[in-house]
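Okay, so here's the structure we're looking at.
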Amino acid sequence: MTKLLSIALNKHVYTAFDYQLDSNETILPGMRVTVPFRNKTSVGIILEEKQSTSIALHKLKKIISIVDSEPLLTPELLTLCLWAADYYHYPIGEVLFHALPIKLRRQPTKTRKKKDAAQTQTTLTKKIKLNATQANAVQAITTAFDHFQCFLLHGVTGSGKTEVYLQTIEQLLKQDKQALILVPEIALTPQMIERFNSRFEQRIATIHSGLNPTERLDAWQKAKSDEAKIIIGTRSAIFTPFKKLGLIIIDEEHDSSFKQQDGFRYSARDLAITRAYFENIPIMLGSATPSLETLKNAKENKYVTLSLPERVGNAIHPSYHLIDTRGQYLENGLSRTLIDRISMHLQQGNQVLIFLNRRGFSPILQCHACGFIATCERCEASMTFHQTKTKTYLQCHHCETKLQIMPQCPHCNATELTPIGAGTERLETALQQHFPAIPIVRIDRDSTERKESLNDMLEQIQQGHRQILVGTQILAKGHHFPNVTLVGVINADNGFFSNDFRATEKLGQLLTQVAGRAGRAEKPGEVYIQTHHPEHPLLKTLIETNYNDFAQSLLIERVESNLPPYSYFALVHAKSFDMKKPELFLKKLKQLAMPFVSEQIKIQGPVLSPITKRQGYYRAQLLLQSNHRSALHQTLTKLIEQINQMKSANTVKWALDIDPVEIY
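The numbering of the sequence shown is the numbering used here, which starts it at 782 and goes up by one.
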């Protein structure tokens, strides 16, 4: 019996392909097959069995083999992928293969036979008594186990959100269901795993980019077979198949790391909400600093807000202090006031966290004689000067190119090359000079390159072996340092004067998060923020009231400016090694689009990207905006049809970003 099947291939094309199968074997959507494609054998995924095709049967190619005995993708996960391909206007084949572990994409590997799920009983090794607001949150979520509901767990830093996660999952496991917890970065995964392992024995698997392909496949299969009851992972773990998924938790839901910035540019947070809806289960969005999109949805009663307004135990909120750096002498970025506060806290035997969200020693290396600045040949950006005890070099933080330090200026041959500005390496050096007997640890992307290095550093901090902590935003996210009583913020000004309309929101979140590392236990904490603009109204709102008031003032600004979340954006990117082609392509696209663009759509640009040249490519972008999401997507569908007919589309690399997080 001949069957007609629609097959998705891992190709950048917006259609599936019809094939015929001469077999009585049972086939289901989500199973892999091998098929001939352009004189090669390719792996495909079955989308559906069809009743008819527009291609003559004698011209229809035949499926070579059926790889799987059962679908790799569950019906719910397949539905999610189809929805994602439609919403993000991305080829369905690439979306489906993105949902598979690498080992299942590249070759027709047979999936292992299911093992019986572990029958061990859940054992609580340390159950903490909840306060009233925590208990109310757990109760609200557990009563929603049988239906879809999106909850915002809005708890201040140190309010015990993780304990709410744990005790909610404890109730879920009693119903023999599974839980998925998404965290924004690998750096947060070990800490979360440690908390869960101490509570739930060996029912946990992790999925993140730090795993090798075999480890990742193993975790994926454990979730699919119900062998793992809890999956903790980063962004891509949203595509994990489950047998009995009962709850999704998004920790630090505001974090931009949940948005993929290249290729298939999806938001894991938004897909998680959609998946929970499709699977008819609850989802919890946890944050001390919720995104404006989430706060708007909660305000409109689309989400149920569960508030944790106080820190757990006897911990109190830290006190805030602004250091006006106007006219002050800064020693490698440090004011005298901050140095004195550091000294006082260290004398009391406490730990100190100094935050600067800039890697390297200095962002600029400049010739004092002629003003030459070391720049990357592949990018239109300065190279960062790195200097540690063991090595000195220049590095581009956009393409990761590394160069040796030149002995003299390539323009005027002068030898006085001066580092300008401060990064975490310079800050570490300065603090070592001020406090030579105090052990210091620097935590940023450069110091944590080696596998397990971050875990080792965090353990040293917890054991008290390091008293001064210097770092970037890696240190600001979710870590519990009970002995940190002082947080110093070196520069709080950048976000207030950026072209990016989201910059103030991100700054407010970052300052609140890093400040939240202080005073999380019995000892009170304080936060000192260096700024040239102590009178800035948003900064004053943030430190004199709370993040919620700060966010509400930003929402008012967004309404008045008609910016997201009160309108919807889509960005068309184009890049080429030829300087002129990206902008010419986008101008032609805009011209072709105008006849079918309604009054509900506003098109801005094209303009050159802020960093016009990156990794050797020249870049430009076109912005589409609308107050109506459906009108925007209808326009984008027509726009892609136009692009597919444009000859100039073959001269550039183009991409579409729906709900972009970064625009400027």
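Built from N, CA and C at the ideal position, the CB exists for glycine as well.
Just so we're clear, the structure is a prediction, and the values are computed from it rather than from any experiment.
Asked	Found
Can you look up Ala797 in the DSSP assignment and give me helix, strand or coil?	coil
Leaving out five residues before and five after Lys831 in sequence, what residues of the same chain have Cβ atoms less than 8 Å from its Cβ?	Leu785, Leu786, Ser787 and Asp799
Are the beta-carbon atoms belonging to His1098 and Ser1068 less than 8 Å from one another?	no
Of the choices Pro856, Asp867 and Ala797, whose alpha-carbon is the least far from that of Ser835?	Ala797
What residues match up with Ala1436 in a beta bridge as DSSP calls it?	His1354
For Asp1105, report the span of its beta strand (DSSP E) as first-last.	Ser1100 to Asp1105
For Ala866, I'd like the list of residues in its chain whose CB is within less than 6 Å of its CB, leaving aside the five on either flank, ordered along the chain.	Ile873 and Val876
Helix, strand or coil, according to DSSP, for Met1065 in the structure here?	strand
Should Met1375 go down as buried or exposed, given a rule of 16 or more other Cβ atoms within 10 Å for buried?	exposed
Could you give the first and the last residue of the continuous alpha helix (DSSP H) run that contains Pro1414?	The sequence as given places His at residue 1414; Pro does not occur at that position. Segment Arg1410 to Gln1426, the alpha helix (DSSP H) holding His1414.
Would Cys1157 and His1192 be called neighbours here (beta carbons separated by less than 8 Å)?	no
From the DSSP output, read off the bridge partner residues of Ile985.	Ile1011
By alpha-carbon positions, which one of Leu802, Thr822 and Leu828 ends up nearest to Leu841?	Leu802
Which of helix, strand or coil does DSSP assign to Ile950?	helix
Beta-carbon within less than 8 Å of Val1340's beta-carbon, same chain only, minus the 5 sequence neighbours each way: which residues are those?	Tyr1347
When the Cα of Ile1310 is compared with those of Leu1119, Gly825 and His879, which residue comes out closest?	Leu1119
Quick one: Cα of Thr923 to Cα of Arg1223, how far?	41 Å
Taking the alpha-carbon positions, what's the Gly1269 to Gln948 distance?	34 Å
Would you check if there are 3 or more beta carbon pairs closer than 8 Å linking the segment 1364-1381 to the segment 1401-1420?	yes
Just the C-alpha distance for Ile808 and Ile1135, rounded to the nearest angstrom, thanks.	58 Å
Per DSSP, which one or two residues make a beta bridge with Gly936?	Leu1089
Please report the distance separating the alpha-carbon of His1409 from that of Phe1039.	24 Å
Using C-beta distances below 8 Å, list every residue in its chain close to Pro1144, excluding the 5 sequence neighbours before and after it, in chain order.	Ser1163, Thr1165, Phe1166, Ile1201, Gly1202 and Gly1204
Return the bridge partner residues of Glu1307 from the DSSP annotation.	Ser1100 and Leu1267
State yes or no: is the C-beta of Leu1087 within less than 8 Å of the C-beta of Ala1332?	no
Check the C-beta distance from Gln1254 over to Thr938 and give it rounded, since I have them as a contact under 8 Å.	Going by Cβ atoms, the distance from Gln1254 to Thr938 rounds to 14 Å, so no, they are not a contact pair.
Taking Cβ to Cβ, would you say Ile845 is nearer than 8 Å to Thr822?	yes
Taking the beta carbon of Gly1044 as the centre, do at least 16 other beta carbons fall within 10 Å, making it buried, or is it exposed?	exposed
Based on the DSSP output, what are the partners of Val816 in its beta bridges?	Ser823
Could you tell me whether the segment 1055-1074 touches the segment 1287-1301, where touching means 3 or more Cβ pairs closer than 8 Å?	yes
Starting from His1179, trace the alpha helix (DSSP H) both ways and give me its first and last residue.	Taken as a continuous stretch (DSSP letters only), His1179 belongs to no alpha helix (DSSP H), as it is neither H nor E.
Between which two residues does the beta strand (DSSP E) carrying Asp1032 extend?	Leu1026 to Asp1032
Excluding sequence positions up to five away, which residues of its chain have a Cβ less than 6 Å from the Cβ of Ile1439?	Tyr869 and Ala1351
In chain order, which continuous runs of the alpha helix (DSSP H) of length 4 or greater are located wholly inside the segment 1311-1397?	1318-1325, 1328-1342 and 1362-1374
Look up Ser979 in the DSSP assignment and give the residues it is bridged to.	In the DSSP output, where bridge partners are listed per residue, Ser979 has none listed.
I'd like the list of long-range same chain contacts for Pro994, defined as Cβ closer than 6 Å, with 5 residues on each side in sequence excluded.	Ile883 and Lys884
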